[in-house]
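If you count the sequence shown from 1, you need to add 119 to reach our numbering. First up is the structure itself, then whatever we jot down about it.
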Amino acid sequence: VLRADTNYRSPRDVTALVNRLAAPTRAIASGSPIAASDWEILTYTDTASLLDATKKAITRCIGLGFRRETIATVTFRGGDGSALFAYDALVRLLETVFRFKGQSAPAVVFSEIDFERFDESAMRRLFVGATRASMKLVLVMSERAARQLLERTEA
């Protein structure tokens with residue numbers, strides 16, 4: 120078994136977020152030269168607001184100077200369960216968290232994040248999706264998931 124305790128890909132604030140969420144026995148150290156991605160959370164309540172929040176997140180990244188081809192839109196759900204795959208305008212930009220594992224992008228819009236309770240599976244998906252960003256991370260979450268995440272990060 121090979122274990123790496125240093126994350127060189129993700130900005131230091133994203134690594135700190137993951138450490139707060141996962142509360143690992145051995146914290147992940149950050150080796151990134153980028154201190155802050157100023158990660159953000161946008162929330163949604165239904166499919167229409169999910170689409171709007173995802174578009175808003177992509178637009179924010181473009182406004183920060185990221186080119187479309189450097190922005191990965193990653194869905195928390197699998198391809199079959201994703202509402203976003205039904206929209207042609209997003210399909211060329213969209214990837215599932217499962218298929219995007221091992222890859223990275225300067226800007227990541229991690230969308231369609233929803234869970235009833237923050238369990239091991241949700242934590243692992245959040246870890247994988249959030250640590251794909253090398254410069255900017257925007258989380259698009261259901262209101263209930265955002266509440267749980269904020270409770271864990273503020274505790």
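Virtual Cβ for every residue (Gly too), placed ideally from N, Cα, C.
Can you tell me whether residue 250 is helix, strand or coil according to DSSP?
Within the sequence shown, residue 250 is the residue found at index 131, counting from 1. The DSSP-derived three-state label of residue 250 is coil.
Alpha carbon to alpha carbon, how far is residue 220 from residue 245?
If you number the sequence shown from 1, residue 220 lands on position 101. If you number the sequence shown from 1, residue 245 lands on position 126. Cα atoms of residue 220 and residue 245: separation of roughly 11 Å, rounded to the nearest angstrom.
Can you check whether the CB of residue 140 is closer than 8 Å to the CB of residue 258?
Locating residue 258 in the sequence shown gives position 139, counting from the first residue. Locating residue 140 in the sequence shown gives position 21, counting from the first residue. No.
Whole-angstrom Cβ separation of residue 153 and residue 179, contact assumed at under 8 Å?
Your numbering for residue 153 matches position 34 in the sequence shown. Your numbering for residue 179 matches position 60 in the sequence shown. A Cβ-Cβ distance of about 17 Å is found for the pair residue 153 and residue 179, leaving them out of contact under the 8 Å criterion.
Let me confirm a value: residue 231 is counted as buried when at least 16 other C-beta atoms fall within 10 Å, else exposed. Which label applies?
The residue you call residue 231 lines up with position 112 of the sequence shown. Answer is buried; the Cβ neighbour count reaches 16.
Residue 222 to residue 169, Cα distance in whole Å?
Against the sequence shown, residue 222 aligns to sequence position 103. Against the sequence shown, residue 169 aligns to sequence position 50. Here the alpha carbon of residue 222 sits roughly 24 Å from the alpha carbon of residue 169.
When the Cα atoms are used, what is the spatial distance from residue 166 to residue 202?
Locating residue 166 in the sequence shown gives position 47, counting from the first residue. Locating residue 202 in the sequence shown gives position 83, counting from the first residue. One alpha carbon belongs to residue 166, the other to residue 202, and they sit about 7 Å apart.
To the nearest whole angstrom, what separates the beta carbons of residue 234 and residue 256, a pair I think is in contact under 8 Å?
Translated into positions along the sequence shown, residue 234 becomes position 115. Translated into positions along the sequence shown, residue 256 becomes position 137. Rounded, the Cβ-Cβ distance is 18 Å, inconsistent with contact.
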